[in-house]
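Residue numbers (this note's numbering): 37 to 370. Ideal placement from N, C-alpha and C gives every residue a C-beta, glycine not left out.
Structural data, given as structure tokens:
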């Protein structure tokens, strides 16, 4: 498929803000692939990036479905105190209709695969980030890194993930990178027809993949990736860690990636990892947006346990009661 056809996937492009004119600092291009539900998470990620990188300026490229006016207005607040550009690219609803569906995963998993084509005339390198990440350090060293011999740079996933998925996917290197942080060499990506190779892999093996786009990226790029230190993508799952358990986040960590179903903007994700996120949340334009409340009985139980650990016993008892009622009534209706 030609580059022109990929560009036709975009329904429209909207420049929300661009006050970068005359800045003496290097411009770093960061891409996100989201729908409006993840706009808050993306916004807090961007806020944390800006706070920790005063020697760089950023052009944010938002790929996905349209953002609502509230999300746009909060994103614009980020540019009040920082030089910043934000451009939104809205995909046509029919853009990915011919691509294979991947079980419970939405077609949004394809967003990151097309960003290199759309940004090819803008930059030669792009940092792709998931919207459930938090920046704690500087990207200056990364921006100066030579990745010309690689299609992208990424960070190995946890040892547990590698032990399981390398065998399942037939990866002989013993490496399996997490796709929530991808530093993409755009000319190399295009020259090697990377998007097409990934789509072919998805089409042939879709029923065998637990994490479709990430698994396919690893199969196709196993020998084309530069593996970076884990400080660039420190992977953690709030739920796996018991309430009250201290988490050793290395001092040199540049990015925390909150994987798993529980996100740090969920009120029931309380704990040390969520506390780190909340310090940025409370300073960001989203500070007045409340955390999401529990909906399922499992979320209610986690919240009750977290409240108990915080010494909020009455509230904990209330939520434990809600948990029991929801669990019992759920079973009785089966």
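Taking all protein chains shown into account, residue 82 has 16 or more neighbouring C-beta atoms within 10 Å of its C-beta and is therefore buried.
The DSSP-derived three-state label of residue 115 is coil.
In the three-state reduction of the DSSP assignment, residue 48 falls in the strand class, which pools E and B. The C-alpha of residue 240 is placed about 14 Å away from the C-alpha of residue 246. One Cα belongs to residue 338, the other to residue 300, and the distance between them is close to 13 Å. For residue 231, DSSP assigns no beta-bridge partner whatsoever. Looking at the backbone, the Cα of residue 209 and that of residue 249 are separated by about 19 Å. Where residue 103 is concerned, there is no enclosing beta strand (DSSP E), because DSSP gives it neither an H nor an E. Ranked by how close their Cα comes to the Cα of residue 160, the residues 53, 64 and 356 have 64 in first place. The alpha-carbon separation between residue 113 and residue 361 amounts to approximately 42 Å.
Residue state for residue 305 is assigned as helix, using DSSP reduced to three classes. The criterion of a C-beta distance shorter than 9 Å is satisfied by residue 295 and residue 214.
In this structure, the alpha-carbon of residue 320 lies about 26 Å from that of residue 49. Pairing residue 76 with residue 110 gives a Cβ-Cβ distance under 9 Å.
Across the structure, residue 353 and residue 363 are spaced so that their CA atoms are roughly 15 Å apart.
With respect to residue 131, residue 74 sits apart: the two C-beta atoms are not nearer than 9 Å. Taking the CA atoms as reference points, residue 328 sits about 26 Å from residue 284. Every alpha helix (DSSP H) of 4 residues or more that sits fully in the region 146-177 is shown, in chain order, as 147-154.
Each of 311, 342 and 302 was checked against the Cα of residue 330, and the nearest Cα belongs to 302.
For residue 93, the secondary structure class from DSSP, reduced to helix, strand or coil, is strand. When the five nearest sequence neighbours on each side are left out, the beta carbons in the same chain lying within less than 7 Å of the beta carbon of residue 55 are those of 115, 119 and 120, in order along the chain.
For residue 327, the secondary structure class from DSSP, reduced to helix, strand or coil, is coil. A distance below 6 Å between beta-carbons, with the five flanking residues on each side excluded, links residue 95 to the following residues of its chain, in chain order: 63, 65 and 121. Between the region 222-240 and the region 195-208 there are fewer than three C-beta pairs closer than 8 Å, too few to call the two in contact. Boundaries of the beta strand (DSSP E) around residue 126: 120-127. Its chain contains 161, 189, 219, 221 and 262 as the residues whose beta carbon lies nearer than 8 Å to that of residue 183, once the 5 sequence neighbours on both sides are disregarded; these appear in chain order. Only exposed fits residue 227, as fewer than 16 other CB atoms lie within 10 angstroms of its CB. Taking C-beta atoms under 8 Å as the contact rule, residue 171 and residue 85 qualify, at a distance of about 4 Å.
A residue is called buried when at least 16 other Cβ atoms come within 10 angstroms of its Cβ; residue 259 does not meet this threshold and is exposed. In terms of Cβ geometry, residue 178 and residue 292 do not form a close pair [threshold 9 Å]. In the three-state scheme derived from DSSP, where H, G and I count as helix and E and B as strand, residue 83 is classed as helix. Secondary structure of residue 272 (DSSP, three-state): strand.
With respect to residue 79, residue 322 sits close: the two C-beta atoms are nearer than 9 Å.
Residue 365 sits in a helix when the DSSP states are folded into three classes. The alpha-carbon of residue 336 is positioned some 49 Å away from that of residue 185.
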